[in-house]
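Quick notes on the structure that follows.
In our numbering, the protein residues as written are 8 to 133.
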């Protein structure tokens, strides 16, 4: 009458498995969110470097800060490093360094110091 082998997983087991997978997904998202934001910020800085040699530094800085706010990255020039460098011959450089962190359930804070350094040659005939 009784089968010694289990015929499947119980309802409680399914609920536990779903909750466990959701927790793993949430932790993974919180950790990789920093990398996703970094990739988007790097693309914004590369775009700024492409058109940067034709514009004044203050305009580049304001546009770059507003572009980074769009991807929910709040940079403060007083605390984070944003350098527009025109001293390299025939090149234009934007250097951005900032700290980003992610809070996981209030118990652990995952922090990273990220650097974006983009140098592009200035082409003649722009």
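Where a beta carbon is used, it is the ideal one built from N, C-alpha and C, also for glycine.
Assigned secondary structure, residue i (DSSP; H/G/I helix, E/B strand, else coil)
i	result
residue 104	strand
residue 99	strand
residue 129	coil
residue 33	helix
Identity of the residues DSSP links to residue i by a beta bridge
i	result
residue 119	107
residue 124	102
CB of residue i within 8 angstroms of CB of residue j, strictly
i	j	result
residue 56	residue 103	no
residue 48	residue 123	yes
residue 120	residue 106	yes
Whole-angstrom distance between residue j and residue i, CA atom to CA atom
i	j	result
residue 70	residue 36	28 angstroms
residue 19	residue 31	18 angstroms
Check your understanding: Curious, which full-length beta strand (DSSP E) runs of at least 3 residues does the region 64-97 contain?
Key -> The region 64-97 contains these whole beta strand (DSSP E) runs: 88-92.
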